[in-house]
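Enquirer: Line order of the protein sequences matches chains A and B.
The first sequence lines up with residues 142 to 453 when you count with the working numbering.
The second sequence lines up with residues 26 to 137 when you count with the working numbering.
For each residue, glycine too, the CB sits at the ideal point set by N, CA and C.
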Amino acid sequence: MSPAGIIRPEPGGYRDLPGGGRPAKTAVWAYAIAGSGAGDLAAGDLAAGDLAAGLRQLTGVGGAPVRVTSCSGLGMLVSDVSAAQFGEAALRRNLEDLDWLDQVARAHHHVIDAAARLFPLLPTRLATVYSSDDAVCAALAERRAALRGALRRVGGRVEWGVKAYAMPESEITAGGPGGAGGRGGTPAGGVGPGRISTAEARGGGLAYLRRRREQLAAGRESRAAAVGAARALHGALAGQAERARLHPPQAPQLSGVRLPMLLNAAYLLPADGAAEFAAAVAAHASAHPELRIELTGPWPPYSFAGDDDDGR
Amino acid sequence: MTDADKYWTAEAGTDAYAPGERLALVDLLDRVLAGGVVITGEITLSVADVDLVVISLRALLSSVSALAGQAASDQTGPGEAVPGDAVPGESVPGEAVPGHVVAAERYAEHEG
Chain A
142 MSPAGIIRPE PGGYRDLPGG GRPAKTAVWA YAIAGSGAGD LAAGDLAAGD LAAGLRQLTG
202 VGGAPVRVTS CSGLGMLVSD VSAAQFGEAA LRRNLEDLDW LDQVARAHHH VIDAAARLFP
262 LLPTRLATVY SSDDAVCAAL AERRAALRGA LRRVGGRVEW GVKAYAMPES EITAGGPGGA
322 GGRGGTPAGG VGPGRISTAE ARGGGLAYLR RRREQLAAGR ESRAAAVGAA RALHGALAGQ
382 AERARLHPPQ APQLSGVRLP MLLNAAYLLP ADGAAEFAAA VAAHASAHPE LRIELTGPWP
442 PYSFAGDDDD GR
Chain B
26 MTDADKYWTA EAGTDAYAPG ERLALVDLLD RVLAGGVVIT GEITLSVADV DLVVISLRAL
86 LSSVSALAGQ AASDQTGPGE AVPGDAVPGE SVPGEAVPGH VVAAERYAEH EG
């Protein structure tokens with residue numbers, strides 16, 4: 142599950158690894174911001190001792206152990222990364238490499254996800270890299286008030302993702318899979334002015350046109366129904382959530398799903414609100430066969446961490 | 026079991042959720058590239074730079090998946106989407122317009 146070579150579950154970090162030792166030139170990779178509590182935890186009081194142990198077992202992007210840098214009443218979860226791989230020019234180049242991005246995104250997420258189960262936090266955007274701990278502190282100090290506000294707003298909550306696609310007509314009416322042959326009316330189906338049969342060309346032209354017009358109208362109707370259902374779904378779920386955010390629809394090249402995506406949303410909920418929310422989503426799914434609805438989560442509150450986020 | 030195994034993703038309304046399913050990279054990228062708090066670091070890429078990266082990545086992916094899609098269309102199974110079916114247009118993370126409206130309108134343009 143973990144990308145080999147990136148996430149190493151063994152405790153002890155790179156000091157115990159063969160060839161370990163502090164890399165010559167390092168930069169500091171940021172994962173998340175927590176209240177001063179997280180820093181105190183790392184310093185170690187009672188219950189916090191366990192949490193600190195949990196943190197110490199985490200290895201981050203590039204395999205180095207995760208630690209907390211505390212200042213200005215805030216703590217930043219960071220790990221050291223090699224400047225050769227994560228310096229500005231190298232980072233820019235490496236981000237273009239899908240395999241590299243995949244591994245780094247998963248390692249980044251792994252740390253945030255594990256830490257979010259220990260204490261409230263604000264995830265930082267991927268590829269936030271500093272030259273040193275001093276630079277981390279300067280960044281925290283500059284944004285202290287806004288960060289504390291954001292931490293209060295989203296810390297300890299989880300995010301649920303809901304995606305809705307327009308179901309192909311063939312699957313709504315036929316009630317399930319099996320229609321691999323394509324749906325009526327698509328150009329790929331071979332129905333088109335160029336393909337009118339000889340009979341239609343003679344006397345059935347009008348009939349063909351009428352049939353085609355009906356097909357198009359039915360298609361438009363079911364599209365409108367799906368779009369309406371997606372809007373209603375979002376409205377209902379947003380009403381149930383503390384905050385909601387719409388992401389742009391995913392490109393089918395990235396998602397692998399060729400159905401038109403009508404909704405790509407994130408909802409912020411209390412950590413214990415999962416069952417109720419999932420039930421609401423499931424109810425919408427059975428009430429709206431014209432939509433294919435997918436639920437993902439729980440996620441750390443990525444979509445709500447930015448202070449530019451103005452909620453719903 | 027890693028923490029990521031605790032995630033699940035499923036088609037809502039089906040009885041069996043699928044714990045342990047690998048997180049879809051596209052869902053993860055939605056969040057780690059377009060979400061998360063942005064605090065300017067000393068050598069961090071600017072947000073605009075990251076968006077540029079994502080755009081060029083998408084271009085790369087579409088050329089890759091065009092090849093993969095051709096191979097896949099030869100063995101389309103039951104319940105799969107129809108190759109060549111209408112798709113919503115490309116969009117860029119961070120776009121100001123609400124996603125679902127954009128998707129719906131582009132879908133309408135495509136089909137209508």
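Cβ of A/His249 less than 7 Å from any chain B Cβ?
Expert: yes
Enquirer: Distance check for A/Gln394 and A/Glu237, CA to CA, integer angstroms please.
Expert: 16 Å
Enquirer: Reducing DSSP to helix, strand and coil, say where B/Asp55 ends up.
Expert: Three-state DSSP puts B/Asp55 in a helix.
Enquirer: To the nearest angstrom, how far is the alpha carbon of A/Ala359 from that of A/Pro389?
Expert: Cα to Cα, the separation comes out at about 27 Å.
Enquirer: Checking contacts by CB at 7 Å: is A/Pro264 closer than that to chain B?
Expert: yes
Enquirer: Spatial neighbours of A/Thr437 within its chain, please: CB distance less than 6 Å, with the 5 preceding and 5 following residues excluded, ordered by chain position.
Expert: Gly302
Enquirer: I'd like the list of long-range same chain contacts for A/Glu435, defined as Cβ closer than 6 Å, with 5 residues on each side in sequence excluded.
Expert: Lys304
Enquirer: Evaluate the contact criterion for the region 364 to 376 of chain A versus the region 401 to 409 of chain A: three or more CB pairs, one atom per stretch, below 8 Å.
Expert: yes
Enquirer: Strictly under 7 Å for the Cβ-Cβ distance: is A/Gln391 near chain B by that measure?
Expert: yes
Enquirer: Tell me, which residues are paired with A/Lys304 by DSSP?
Expert: For A/Lys304, which the question treats as bridged, DSSP gives the partners A/Asn405, A/Glu435.
Enquirer: How should A/Pro264 be labelled, buried or exposed, when 16 other C-beta atoms within 10 angstroms of its C-beta is the threshold for buried?
Expert: buried
Enquirer: Does the Cβ of A/Glu431 have 16 or more other Cβ atoms within 10 Å, making it buried, or fewer, making it exposed?
Expert: buried
Enquirer: Please list the segments of the alpha helix (DSSP H) lying wholly inside the region 262 to 298 of chain A, counting only runs of 4 or more residues, in order along the chain.
Expert: 274 to 283, 285 to 295
Enquirer: In three-state terms, what does DSSP make of A/Ala168?
Expert: strand
Enquirer: May I ask whether a heavy atom of the ligand ADP can be found less than 6 Å away from the beta carbon of A/Leu350?
Expert: This structure simply doesn't include the ligand ADP, nor any ligand for that matter.
Enquirer: Report yes or no: is there a C-beta of chain B within less than 7 Å of the C-beta of A/Ala358?
Expert: no
Enquirer: Quick check: is the beta carbon of A/Ser223 nearer than 7 Å to any beta carbon in chain B?
Expert: no
Enquirer: So, with DSSP's three-state summary, where would you put A/Gly216?
Expert: Here A/Gly216 sits in strand by DSSP.
Enquirer: In the DSSP assignment, what residue or residues form a beta bridge with A/Gly176?
Expert: A/Leu215
Enquirer: Is it buried or exposed, A/Ala171, if we count other Cβ atoms within 10 angstroms and call 16 or more buried?
Expert: buried
Enquirer: Spell out whether any CB of chain B is found under 7 Å from the CB atom of A/Ser444.
Expert: True, the Cβ-Cβ gap to chain B drops below 7 Å.
Enquirer: What's the gap between the Cα of A/Val209 and the Cα of A/Met217?
Expert: 5 Å
Enquirer: Closer than 8 Å by C-beta to A/Ser220: which residues in its own chain qualify, once you throw out the five before and the five after it? Chain order, please.
Expert: Val169, Trp170, Tyr172, Thr200, Gly201, Val202, Gly203, Ala205, Pro206, Val207, Arg208, Val252
Enquirer: What are the boundary residues of the beta strand (DSSP E) that includes A/Arg384?
Expert: 384 to 387
Enquirer: Between A/Ala257 and the rest of its own chain, which residues show a CB-CB distance below 6 Å, the 5 nearest in sequence each way excluded?
Expert: Pro441
Enquirer: From what residue to what residue does the alpha helix (DSSP H) around A/Glu229 run?
Expert: 229 to 235
Enquirer: For A/Leu347, count neighbouring C-beta atoms within 10 Å of its own C-beta (all shown protein chains included) and say buried if the count is 16 or more, exposed if not.
Expert: exposed
Enquirer: So which of A/Ser223, A/Pro261, A/Ala279 has the shortest CA-CA distance to A/Ala412?
Expert: A/Pro261
Enquirer: Could you check whether the Cβ of A/Leu395 sits closer than 7 Å to any Cβ belonging to chain B?
Expert: Yes, its Cβ sits closer than 7 Å to a Cβ of chain B.
Enquirer: Identify which residue in A/Leu259, A/Lys166, A/Ala268 has its Cα closest to the Cα of A/Val299.
Expert: A/Leu259
Enquirer: Please state whether DSSP places A/Tyr443 in a helix, a strand or coil.
Expert: helix
Enquirer: Can you have a look at A/Arg361 and say buried or exposed, based on whether 16 or more other CB atoms are within 10 angstroms of its CB?
Expert: Exposed is the label assigned to A/Arg361, since fewer than 16 other Cβ atoms lie within 10 Å of its Cβ.
Enquirer: Excluding five sequence neighbours on each side, which residues of the same chain lie with their C-beta closer than 7 Å to the C-beta of A/Asn231?
Expert: Here residue 231 of chain A turns out to be Ala, not Asn, going by the sequence shown. If you ignore the 5 residues before and after A/Ala231, its C-beta comes within less than 7 Å of the C-beta of Ala225, all in its own chain and listed in chain order.
Enquirer: Please determine, among A/Tyr306, A/Val398, A/Leu410, A/Arg433, the residue with the shortest C-alpha to C-alpha distance to A/Arg294.
Expert: Considering only alpha carbons, the answer is A/Leu410.
Enquirer: Give the DSSP-derived three-state secondary structure of A/Val207 in the structure shown.
Expert: coil
Enquirer: Which two residues bound the contiguous alpha helix (DSSP H) that contains A/Leu242?
Expert: 239 to 257
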